[in-house]
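Residue numbers (this note's numbering): 6 to 434. Just so it is clear, CB atoms sit at the ideal spot from N, CA and C, and this is done for glycine as well. A quick write-up on the structure given underneath.
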Amino acid sequence: MEKPRIAIKGGHIIDPANGVDRQDSLFVAEGKIVALGAPSDGFTADIEIEVPGQVVCPGFIDLSVRLREPGQEHKATIDSETVAAARAGITTLCSQPDTIPVVDEPAVVEMIKERTQLVGKARILPIGALTQGLSGERLSEMSALKNAGCVAVGNASQPIATTLVLRRALEYATTYGLLVVIRPEDFWLKDSGCVHEGAVGTRLGLPGIPESAEVVAVAQALALVEQVGARAHFAQLSCARSSVLISRAQYDGVRVSADVSAHQLHLTEENIDGFDPMYHVNPPLRTVEDREGLRQGVARNVIAAICSDHQPHEEEAKRNSFPATEIGMASLETLLPLTLQLVDEGVLTLTQAIERLTVGPAKVLGIDFGTLIPGSAADVCVFDPGATWHIGRDTWSSRGLNTPYWGSPMKGRVSHILFGGIPVFKADI
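This is the structure:
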């Protein structure tokens with residue numbers, strides 16, 4: 006596909022990776038950023054986009070999504086969810102390995118890459134399986150997965166059988182310079198829980214998952230990461246105490262990072278009071294104190310990235326009693342509005358918010374995206390931070406309708422997306 010020469014004019018350019026925060030113009034050619042401010046001599050735009058009052062920033066990088074392909078196309082597809090991602094300002098998505106078949110062989114990675122290239126709406130970076138079949142027992146062929154294009158390895162939400170297996174996995178991954186993604190949760194402490202173990206869950210008679218299920222897992226993994234010298238990322242934190250432990254480890258020089266789902270920075274255990282299965286997520290929604298602790302971790306950059314933890318489902322998956330429904334929210338399209346809400350509430354500055362969606366996750370992965378520096382890939386998001394919209398059939402692209410925000414007003418609307426210099430989304434004005 007021919008890549009046009011594009012001038013984006015009149016916007017507020019924010020590029021946290023390079024300390025850029027000013028009113029200016031951005032110029033794109035041959036799929037790359039060519040200049041900020043003044044174009045090179047002889048530059049003539051094929052497309053001019055006037056965006057006064059809007060923010061121009063790097064395309065967002067989402068560290069945790071389920072696209073449901075291969076294997077669960079009745080829930081969603083790479084096609085449907087990358088369309089939703091484009092609408093949400095996301096140009097790079099890290100897909101979890103718990104597909105069917107599991108991403109534990111290069112052939113599965115190649116299949117995902119081929120489908121992604123065919124659709125052409127976003128970049129998908131697969132996370133490979135840490136263990137074969139995500140069984141938690143036998144290590145996967147990590148070197149082959151890395152060579153096939155996996156940016157990291159992890160076991161999704163599945164438990165590791167023993168601490169010895171985790172240690173060996175960390176050692177093996179370190180040999181090949183691979184990031185290990187850890188979703189910290191002690192399988193035995195979790196037991197059969199489906200909500201936070203606290204006052205609300207007890208009152209509702211729902212089995213709880215104690216805070217210690219996550220905190221113990223974090224502490225245990227940190228000890229192994231430090232001993233091995235591995236590079237590890239703690240994904241989708243839910244407890245304030247976890248953030249404190251990771252902060253201390255970072256201070257001590259341990260090579261660890263963390264992310265949090267956007268909904269964990271707003272919702273709490275109080276939201277499950279009506280047994281609404283749209284709030285059935287894992288890790289569960291926890292206390293107000295946990296939410297505030299996570300917010301502090303994001304503000305202090307202990308938690309370097311905010312992700313969607315997108316998990317689309319068909320409607321039937323949420324039509325049952327709370328514990329029996331499938332876990333997760335469809336959340337690509339609420340990532341930006343929920344992050345901008347943190348700006349309105351004084352938790353983050355606008356630049357910090359964009360940093361947690363761009364260069365923050367890029368640094369976690371060690372990739373060269375999430376920036377507008379000349380010469381970089383022209384992944385560009387343009388959004389109006391003051392525009393409001395309501396979530397509904399005419400404003401929602403994901404196949405998953407399982408969001409507790411259905412019908413709610415949202416603030417912050419994407420107007421244009423460039424992916425590799427190609428316009429892939431333009432909002433209807």
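When the five nearest sequence neighbours on each side are left out, the beta carbons in the same chain lying within less than 7 Å of the beta carbon of K118 are those of G154, in order along the chain. Out of S402, L423, V419, G397, the CA that lies nearest to the CA of G412 is found in G397.
With a threshold of 16 other beta carbon atoms within 10 Å, A12 meets it and is buried. In the structure shown, Q232 adopts helical secondary structure according to DSSP, grouped into three states. With respect to the 8 Å criterion, V348 and C386 are not classified as neighbours on the basis of their beta carbons. Setting aside the 5 residues that flank it on each side, L345 is surrounded in the same chain by A358, P390, K416, G417, each with a C-beta closer than 7 Å to its C-beta; the list follows chain order. Under a 10 Å Cβ-count criterion, A204 is classified as exposed, with fewer than 16 other Cβ atoms of the shown protein chains found around its own Cβ.
The residues P75, G76, V113, in chain order, have a CB closer than 8 Å to that of P106 in the same chain once the five nearest residues on each side in sequence are set aside. When rounded, the separation of the alpha-carbon atoms in G298 and T356 is 21 Å.
For W193, the enclosing alpha helix (DSSP H) covers residues 192 to 195. The Cβ-Cβ distance between R236 and R260 falls below 8 Å. Annotation for V369: the continuous alpha helix (DSSP H) segment containing it runs 364 to 370. For I311 and P317, the gap between their C-alpha atoms comes out near 18 Å. Taking 8 Å as the cut-off, the beta carbon of D384 is found closer than this to the beta carbon of L423. Apart from the 5 residues on each side of it in sequence, V364 sits with its Cβ closer than 7 Å to the Cβ of P21, A22, G375, T376 in its chain, given in chain order. Closest by C-alpha distance to H238, out of A245, R246, I251, is I251. In this structure, S217 lies near L194, with their beta-carbon atoms less than 8 Å apart. With respect to the C-alpha of G159, the residue from T168, S248, A149, S145 having the closest C-alpha is S145. Here the alpha carbon of L150 sits roughly 41 Å from the alpha carbon of G16. The DSSP assignment places complete beta strand (DSSP E) segments of no fewer than 3 residues inside the stretch 145 to 195 at 157 to 159, 184 to 187, in order along the chain. Assignment of V108 by DSSP, reduced to helix, strand and coil, places it in the coil class. The three-state secondary structure of S100, taken from DSSP, is strand.
The residues T400, M415, R418, in chain order, have a CB closer than 6 Å to that of W394 in the same chain once the five nearest residues on each side in sequence are set aside.
DSSP, read as helix, strand or coil, puts F48 in coil.
Taking a contact to require three or more Cβ pairs closer than 8 Å, the stretch 51 to 58 and the stretch 84 to 98 do not qualify as touching.
About 7 Å separates the beta carbon of A157 from that of L370, a gap short enough to meet the 8 Å contact definition.
Scanning the stretch 348 to 421 from its first residue to its last, the whole beta strand (DSSP E) runs of 3-plus residues come out as 385 to 395. Under the three-state reduction of DSSP, K80 is assigned to coil, being neither helix nor strand. Short of 8 Å from the beta carbon of D264, and not among the five residues preceding or following it, lie these beta carbons of its own chain, in chain order: L68, S69, H238, F239, A240, Q241, L242, I308, A309, A310, I311, C312, P366, V369. A residue is called buried once 16 or more other Cβ atoms fall within 10 Å of its Cβ, and G42, having fewer, is exposed. Less than 8 Å divides the Cβ of E202 from the Cβ of G213. Just measuring C-alpha positions, the residue of P111, A432, P44, D278 sitting nearest A392 is A432. Between L343 and H285, the beta carbon gap of about 18 Å keeps them out of contact (Cβ cut-off 8 Å). Here L184 has V156, A157, V158, A178, R236, A237, H238, V369, L370, G371 as same chain residues with Cβ atoms under 8 Å from its own Cβ, once five neighbours each way along the sequence are excluded.
Under a 10 Å Cβ-count criterion, S100 is classified as buried, with 16 or more other Cβ atoms of the shown protein chains found around its own Cβ. If you look at A127, you'll find it isn't in any alpha helix (DSSP H); DSSP assigns it neither H nor E.
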